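Novice:
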Amino acid sequence: MPEVTYLEALKDGLAEEMARDDRVFVLGEDVGAFGGAFKVTEGLQQRFGEDRVIDTPIAETAIVGAAAGAAHMGLRPVCEMQFIDFISCAYSILTNYVATARYRAGLATPMVVRGPSGGYVRGGPFHSQNPEAAFLHTPGLKIVAPATARDAKGLIKAAIRDEDPVLYFEHKYLYRRIKEDLPAGEEVLTPIGQARVAREGRDLSIIAWSAMLWKSLEAAEKLEREDGLSVEVLDLRTLMPMDDAAIVATVKKTSRVLIVHEDTRTGGVAGEITARINDLAFEWLDAPVKRVCAHDVPLPYAPTLEDFVLPQVDDVVAAARWLAKY
Amino acid sequence: MAKIDVPMPQMGESIAEGTLSKWLKKVGDPVKRDEPIFEISTDKVDAEIPAPAAGVLAEILVQEGQTVAVQTVVARLETDATVSSQPSAVSPQPTAVGPTSPAVQPSSRPAVEPPPAVQPSSRPAVQPSAVSPQPSVVTPTPPAVQPSSRPAVQAPSSLEERLRTKSSPLVRKMAAEHNLDITGIPGSGLAGRVTKNDVLSFLEAGPKAPSPATQPPPPSPDGVRVVPGPVVEPWDGDRVEPWSRIRKLTADHMIMSRRVSAHVHSLIEVDYTRVAGLRSRQKAAYAERGVNLTFLAFIASAVARNLRKHPVLNACVMGESTVYRRDVNLGIAVALDWGLIVPVIRHADELNLLGTARAINDLGERARAKKLSPDEVQKGTFTITNPGVFGTLVGLPILNQPQAAILAVGAIVKRPAVVTAADGSDSIAIRTMGTLAMSFDHRIVDGADADRFLADLRKTLEEFPDDAA
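Chains as they are written, first to last, in our numbering: chain A, 1091 to 1416; chain B, 1312 to 1780.
1) DSSP three-state call for residue 1330(B): helix, strand or coil?
2) So, at 8 angstroms on beta carbons, what are the nonlocal neighbours of residue 1287(A) in its own chain, with the 5 sequence-adjacent residues on each side left out?
3) Quick one: complete alpha helix (DSSP H) runs, 4+ long, within the segment 1340 to 1412 of chain A?
4) Could you check which residue in 1188(A), 1331(A), 1150(A) has the C-alpha nearest to that of residue 1226(A)?
5) Does any residue of chain A bring its CB to less than 8 angstroms from the CB of residue 1423(B)?
6) Does any CB atom of chain A fall closer than 8 angstroms to the CB of residue 1482(B)?
7) Using the Cα positions of residue 1166(A) and residue 1404(A), report the straight-line distance between them to the nearest angstrom.
8) Using beta-carbon positions only, say whether residue 1764(B) and residue 1621(B) come within less than 8 angstroms of one another.
9) From the beta carbon of residue 1332(B), is the nearest beta carbon of chain E less than 8 angstroms away?
10) Exposed or buried, what is residue 1546(B) when buried is set at 16 or more other beta-carbons lying within 10 Å of its beta-carbon?
11) Is the distance from the Cβ of residue 1641(B) to the Cβ of residue 1655(B) below 8 angstroms?
12) DSSP three-state call for residue 1261(A): helix, strand or coil?
13) Does the beta carbon of residue 1637(B) sit closer than 8 angstroms to a beta carbon anywhere in chain A?
14) Give the residues of chain B in contact with residue 1375(A), contact being defined as C-beta atoms less than 9 angstroms apart.
15) Taking buried to mean at least 16 other C-beta atoms within 10 Å of its own C-beta, is residue 1319(B) buried or exposed?
16) Along the segment 1181 to 1212 of chain A, what residues have a CB closer than 7 angstroms to any CB found in chain B?
17) Taking residue 1642(B) as part of the beta strand (DSSP E), name the residues at either end of that continuous run.
18) Quick check on the DSSP output: what are the complete beta strand (DSSP E) runs of length 3 or more inside the segment 1736 to 1779 of chain B, in order along the chain?
19) If you follow the beta strand (DSSP E) that residue 1115(A) is in, where does it begin and where does it stop?
20) Go through the segment 1569 to 1637 of chain B residue by residue and report every complete run of the beta strand (DSSP E) that reaches 3 residues or more, in order.
21) Sort out for me which residues DSSP pairs residue 1836(B) with in a bridge.
22) Please work out which residues of its chain come closer than 7 angstroms, Cβ to Cβ, to residue 1773(B), disregarding the five sequence neighbours upstream and downstream, and give them in chain order.
23) Check residue 1683(B) in the structure and name its three-state DSSP category.
24) How many whole angstroms separate the CB atoms of residue 1367(B) and residue 1388(B), which I take to be in contact at a CB cut-off of 8 angstroms?
25) Contact criterion: CB-CB distance below 8 angstroms. Does residue 1412(B) meet it with respect to chain A?
26) Measure the alpha-carbon distance for residue 1113(A) versus residue 1508(B) and round it to whole angstroms.
27) Classify residue 1148(A) as helix, strand or coil using the three-state DSSP reduction.
28) If you draw a straight line from the alpha carbon of residue 1587(B) to that of residue 1683(B), how long is it in whole angstroms?
29) Looking at C-alpha atoms only, which residue of 1201(A), 1171(A), 1240(A), 1185(A) is the closest neighbour of residue 1219(A)?
30) Return the first residue and the last residue of the alpha helix (DSSP H) that residue 1278(A) is part of.
31) At a Cβ threshold of 8 angstroms, is residue 1500(B) touching chain A?
32) Are three or more beta carbon pairs between the segment 1624 to 1638 of chain B and the segment 1667 to 1682 of chain B nearer than 8 angstroms?
33) What residue range does the alpha helix (DSSP H) around residue 1246(A) cover?
34) Under the rule that 16 or more other beta-carbon atoms within 10 Å means buried, what is residue 1108(A), buried or exposed?
35) Measuring CA to CA, which of 1327(A), 1161(A), 1316(A), 1282(A) is closest to residue 1303(A)?
36) Provide the residue(s) that pair with residue 1206(A) in DSSP beta bridges, ordered along the chain.
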């Protein structure tokens, strides 16, 4: 079985959908001849032609706007933001136009906006963001954030096939670090809206996604080794629509929940998950819901400061220990 | 103008509450950043707490003598105050904060760090509370499942009661389903909180509570069972002084120690003549480096060195196991006007005589000045107490739990003694002599272990090498 990286899995998923459905096309900055800043679209222009892998000006609003129009006309565009940080340049058209088109005008907008998110690469404040919270707050947008190579592939394919706009936040730290055996010829599709129990446990649950899944799994192993704790880890995979059933199931199982996300703490997605747990499973809680997130600051360039600001395995371990003790 | 909350600080791991012993500032007083504004006692430490920012002490929310949970707001500072005092803004609201606030709040600090109490203690569970029995008692307090039936204003309940009734939604639901009184279930959670697992194991064990007639007395908040003493009535003219926190902790600890350990005492006489000579030769040199060279420094240094060779004396009991400590952390008992405190020299075996003497000086001075940090009185592995400074010949100390041994240094005085010369002839000479008395826990230390250690200790002291001083 061929071992593929997270990045290759994403590229394979894109290529498979482009081959399967000629309405699918890619547009973005340097995605064509250059193959993308991180080479996610490398070789696609040669294979599918300049009409289906389009280099655009540096203008995120134009990329998203063109895609929205194409989607209305029946195509299936996939926009790349060179770094996901710059999705904020297209904030207005995404939230005011794309997210509301079905509601306002009955117009389907089946499009994907994807791009590299996240830190741990010394990228500083403009190249390390996790912008999910603002879009989670916008009705009309779906958001996925894969952690594994299988889901990188399965979710890009599902996002392309979805009838509504999907934001696909991939993690640049995982691009070449995460590898998985993905059998060639197998159709990998990850349903949008379904979380996955990445590790079974009894004593407490960690809810995470994207790069934080791996920090959480590492923490869970350490907690089992050093404290004898049985930690369940839930990989959310889709942030919106959120898999309430999976969240409630893990709360009922362990009664202690830690949410780990890489985005900053205040107004982050952990707050929303906590509120849902309060609404749906309050009486199953044996401890307050805790969260481990980035500090509320722009991400520093300095390696020591980046390490301090972003969640690390030991932060997760410490918070989990407190929860287990509570 | 901004108001800043001043919380009860977390004074070391596994400490959930602190007693505000004294206000050093009044409402309206201007304070500088880092200027001490109040004193607290936790466990055995008294510490002055500095202001987190410059400003004016605007509100005092916790009165002297009150014990509150860690992170409870005890005062508010007004920063950038241009008007130095505003009496109108100064209504103390003890009811709003004080004892009713949760003992363990989720941290309001940024992101990634949970309160230090989380960190698992690397110490095994040998604290007093783990040793003393914690009877599961159904007390006649109102059922915790109906907190709303309590009157809104009530005398503050004990910390333990508050923690136990502050149970999680799941535990309350389970308690209601099984008609249980949460206060009757032993809690294993943070600060004694009852958890889901506690309820489950309580249900499994069969919830047959002992009848009221056979109930053992309830544990005190410190986890030590209170043994009723004789009834005492003060006579005319007597002065009755309620125990301070440090007095109460000392009293409980001593009783607990007596009950827990099999105390045995061994005494040995040491000829300090050589040490006395070294000391008088080196005293001035040490003084030049700002260190007072005492007999205690020689003894502590010798003890630390010999503990390495006799690990069972640097140990403690955990359940039915013996924990041999890796580190040699020497506790040095310091008598204060207001009680007793035992600051600890960490890794004492790694210090030379100068370092040991300096550490003893430093810890003693800071203990008297209330400048010790809580960590500096924790994790001792062996304790030395020095009743000899008052002229006492022999003291037989109570073990400092959970340590296995404690050494009492008797008075060091010149006495006639028989000395044997190299040619075998005996004579009576004036020698500097003193007694070392050691109490040890016979559960893990046998007499021979203790006596071998004492013999080695005496040898080290009587042959103290010149170049070590």
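Using N, Cα and C, we set each Cβ at its ideal position, and we do this for glycine too.
Remember, it's a predicted structure, so these values are computed and weren't measured experimentally.
Specialist: A quick look at the data gives this:
1) strand
2) 1322, 1323, 1324, 1325, 1336, 1340
3) The alpha helix (DSSP H) runs of length 4 or more contained entirely in the segment 1340 to 1412 of chain A are, from start to end of the chain, 1359 to 1371, 1393 to 1399.
4) 1331(A)
5) The predicted position of residue 1423(B) is uncertain, since its pLDDT is 42 and thus under 50; a value taken from the coordinates is nonetheless stated next. Yes, contact with chain A.
6) yes
7) 42 angstroms
8) Judged by beta-carbon spacing, residue 1621(B) lies within the 8 angstroms limit of residue 1764(B), meaning their Cβ atoms are closer than that value.
9) The chain labelled as chain E is not found among the protein chains of the depicted structure, namely A and B.
10) By the neighbour-count rule (16 or more Cβ atoms within 10 Å), residue 1546(B) is not buried but exposed.
11) yes
12) Strand, per DSSP.
13) no
14) 1479, 1480, 1481
15) The C-beta of residue 1319(B) has 16 or more other C-beta atoms within 10 Å across all chains shown, which makes the residue buried.
16) none
17) 1641 to 1643
18) Counting whole runs of 3 or more residues, the segment 1736 to 1779 of chain B contains the beta strand (DSSP E) stretches 1737 to 1752.
19) 1114 to 1118
20) 1574 to 1582, 1626 to 1629, 1632 to 1635
21) Any property of residue 1836(B) remains undetermined from this structure, which presents chain B solely from 1312 to 1780.
22) 1581, 1582, 1585
23) coil
24) 7 angstroms
25) Residue confidence for residue 1412(B) is low, a pLDDT of 38 falling below 50, so the modelled location carries little weight; the figure read from the coordinates is stated next. Against chain A, the CB of residue 1412(B) has no partner CB under 8 angstroms away; the residue lies outside that interface.
26) CA-to-CA, the gap between residue 1113(A) and residue 1508(B) works out to about 56 angstroms.
27) coil
28) 30 angstroms
29) 1171(A)
30) That residue, residue 1278(A), is in no alpha helix (DSSP H); it is neither H nor E in DSSP.
31) yes
32) no
33) 1239 to 1251
34) buried
35) Of the listed residues, the one whose Cα sits closest to residue 1303(A) is 1327(A).
36) Answer is 1260(A), bridged to residue 1206(A).
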